[in-house]
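Engineer: Just dropping this structure here.
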Amino acid sequence: MTDTPKPVREIRINPIVPAESVLVATARGMRPKKAEAPAPRDTRAHVENCPFCRGNEHMTPPQIALYPATGDWNIRIVENLYPVLGDDQPQSAFSYGLQQTIDGYGRHEVIVDHDHHGITLHDMSVEHIAMLFGVYRDRMEQLYKSDSRIRYVLAFKNFGPAAGGSIPHTHSQIIAMPVVPENVQVELENSRSFHDKNHHCIFCALIDEALTFEATIYDRASGEVRRKVNVGQFVIERGTHFIAIKPFASRYEWEVHILPLKHEADFLRTTPEMLADFARIMRRTMQRLDAVVGGVQYNYFLHSLPHGDNFARCEPSYHWHLEICPRTSIPTGFELGSGLYVNTISPEDAAARLRAVTLE
Ligand SMILES: [Zn+2]
Ligand SMILES: [Zn+2]
Ligand SMILES: [Zn+2]
Numbered sequence: 029m030t031d032t033p034k035p036v037r038e039i040r041i042n043p044i045v046p047a048e049s050v051l052v053a054t055a056r057g058m059r060p061k062k063a064e065a066p067a068p069r070d071t072r073a074h075v076e077n078c079p080f081c082r083g084n085e086h087m088t089p090p091q092i093a094l095y096p097a098t099g100d101w102n103i104r105i106v107e108n109l110y111p112v113l114g115d116d117q118p119q120s121a122f123s124y125g126l127q128q129t130i131d132g133y134g135r136h137e138v139i140v141d142h143d144h145h146g147i148t149l150h151d152m153s154v155e156h157i158a159m160l161f162g163v164y165r166d167r168m169e170q171l172y173k174s175d176s177r178i179r180y181v182l183a184f185k186n187f188g189p190a191a192g193g194s195i196p197h198t199h200s201q202i203i204a205m206p207v208v209p210e211n212v213q214v215e216l217e218n219s220r221s222f223h224d225k226n227h228h229c230i231f232c233a234l235i236d237e238a239l240t241f242e243a244t245i246y247d248r249a250s251g252e253v254r255r256k257v258n259v260g261q262f263v264i265e266r267g268t269h270f271i272a273i274k275p276f277a278s279r280y281e282w283e284v285h286i287l288p289l290k291h292e293a294d295f296l297r298t299t300p301e302m303l304a305d306f307a308r309i310m311r312r313t314m315q316r317l318d319a320v321v322g323g324v325q326y327n328y329f330l331h332s333l334p335h336g337d338n339f340a341r342c343e344p345s346y347h348w349h350l351e352i353c354p355r356t357s358i359p360t361g362f363e364l365g366s367g368l369y370v371n372t373i374s375p376e377d378a379a380a381r382l383r384a385v386t387l388e
């Protein structure tokens with residue numbers, strides 16, 4: 029185990045999205061309000077009146093696909109009962125002056141991740157997780173191909189009430205949007221300008237740094253050694269094709285990102301062999317998070333190269349990734365008002381605690 033870490037109070041600049049910088053403040057008293065203690069999780073395998081349980085298929089909105097296509101399904105895609113975007117809306121006519129609108133056109137689908145009602149991601153088999161991310165990949169591809177008005181397809185999961193999950197049966201969602209989300213746009217632009225200057229990908233550079241970097245941090249005033257940054261300090265898991273990293277400027281205490289080790293901008297090019305390695309890294313990461321946080325509630329979302337006209341030029345500079353954001357605190361007025369996230373556990377301490385978990 030690690031020694032009691034020295035308190036840290038510093039603003040860490042997110043190198044890809046500088047506007048999303050983080051105040052790492054580990055001293056007590058800076059603590060943001062903790063999220064409510066989670067209600068005991070529903071671990072039942074089957075629930076009579078749950079629309080997502082096997083046998084209740086008639087209770088959901090229209091079905092889009094089943095995996096496998098015949099026999100007992102393992103994963104099911106259906107339309108969202110309350111879509112945030114849809115193709116049935118009339119064109120918006122309500123624009124005036126500076127108040128302009130974009131039509132709320134798109135698709136909003138639900139993926140029933142597993143036929144087992146209360147299963148957690150880390151209790152699913154590696155094969156099942158690989159299948160789930162394969163379903164995301166296939167459906168994202170179909171949606172991009174289906175309509176040229178779709179500019180971005182976002183796959184994400186909200187697990188637990190603290191993460192906005194409103195239905196207890198494990199599920200994730202896909203939203204096909206008429207715009208590229210602002211945060212993806214900023215990642216694309218900033219990684220491209222880094223590439224213009226340095227001729228390599230900033231995500232690849234961050235992976236290299238996580239794997240090989242070593243530095244001694246001195247106190248500015250006294251000149252004393254404050255702490256050492258060690259090789260691999262931020263690496264949570266490393267597989268053949270993927271790495272799980274604790275970002276240096278993590279917005280959330282237990283935030284972890286998973287990225288392909290070899291440069292790749294587009295998640296849709298992930299091969300079955302790569303998906304198997306990804307699933308193993310994902311499962312081990314979720315096991316670690318669950319062990320440290322205890323009944324982890326989280327959001328995850330995929331950031332990948334948007335399809336369409338002018339994005340091919342971002343191929344050399346963009347690098348797809350999955351961001352996993354466990355939700356252990358509620359944003360405060362300071363965070364909302366300043367845009368500066370407060371993280372009360374230093375990412376190096378969080379990484380050490382995640383790495384210390386013994387996995388079976
Ligand atoms: Zn269910
Ligand atoms: Zn890269
Ligand atoms: Zn991202």
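Take any residue in the sequence shown, count from 1 to its spot, add 28: that is its number in the working numbering.
Glycine residues also receive a C-beta, built at the ideal position from the N, C-alpha and C atoms.
1) Are the CB atoms of Q91 and R82 nearer to each other than 8 Å?
2) Per DSSP, what are the beta-bridge partners of Y172 in this structure?
3) What is the rounded straight-line gap between the Cα of A17 and the Cα of K274?
4) Between the Cα of M87 and those of E210, V75, A97, spot the shortest distance and give me the residue it belongs to.
5) Compute the beta-carbon to beta-carbon distance between L317 and W282, rounded to the nearest angstrom, for a pair I have assumed lies under 8 Å.
6) Would the region 332-341 count as touching the region 359-379 if we require 3 or more Cβ pairs under 8 Å?
7) Measuring CB atoms only, is the region 322-329 touching the region 183-193, in the sense that at least three cross pairs come out at less than 8 Å?
8) Less than 7 Å between the CB of E215 and some heavy atom of ligand 3, yes or no?
9) Give a yes or no on whether the C-beta atoms belonging to V418 and R37 are separated by under 8 Å.
10) Taking only the alpha-carbon atoms, compute the straight-line gap between E265 and Q128 and give it to the nearest angstrom.
11) So I271 packs on M310, CB below 8 Å; how close in whole Å?
12) Around the Cβ of Q315, are there at least 16 other Cβ atoms within 10 angstroms (buried) or fewer (exposed)?
13) Between the beta-carbon of H291 and the beta-carbon of H347, is there less than 8 Å?
14) In angstroms, rounded to a whole number, what distance separates the CA positions of L387 and V320?
15) To which residues of the same chain is M302 closer than 6 Å at the C-beta, ignoring the five residues directly before and after it?
16) Report the start-end ranges of each beta strand (DSSP E) in the region 126-200 that is 3 residues or longer and not cut off at the edges.
17) Just to confirm, does H145 get its C-beta within under 7 Å of one of the non-hydrogen atoms of ligand 1?
18) In this structure, does DSSP put I41 in helix, strand or coil?
19) Comparing the C-beta of H269 with each C-beta of chain D, is any distance below 8 Å?
Structural biologist: The answer reads as follows:
1) Contact check for Q91 against R82 fails: the beta carbons are separated by 8 Å or more.
2) Partner(s): none; Y172 has no beta bridge.
3) Shown here, the chain extends from 29 to 388; a query on residue 17 therefore has no answer.
4) Comparing Cα positions, the closest option is V75.
5) Indeed, because the Cβ distance is near 6 Å, the residues count as touching under 8 Å.
6) With the rule of 3 Cβ pairs closer than 8 Å, the region 332-341 does not count as touching the region 359-379.
7) Enough Cβ pairs lie closer than 8 Å, so yes.
8) Judged by the Cβ position, E215 qualifies as a neighbour of ligand 3 at the 7 Å threshold, a heavy atom of the ligand being closer than this.
9) Outside the shown range of the chain (29 to 388) lies residue 418, about which nothing can therefore be said.
10) Rounded to whole angstroms, E265 to Q128 spans 45 Å at the Cα level.
11) The pair is not a contact, with the Cβ atoms about 12 Å apart (cut-off 8 Å).
12) With a 10 Å radius around the Cβ and a threshold of 16 neighbouring Cβ atoms, Q315 comes out buried.
13) Yes, they are a contact pair.
14) Computed Cα separation, rounded: 12 Å.
15) Only H269 meet the Cβ criterion.
16) Within the region 126-200, the complete beta strand (DSSP E) runs of at least 3 residues are 135-140, 180-187.
17) Correct: H145 has its Cβ closer than 7 Å to ligand 1.
18) I41 sits in coil when the DSSP states are folded into three classes, being neither helix nor strand.
19) Protein chain content of the structure displayed is limited to a single chain, and chain D is not contained in it.
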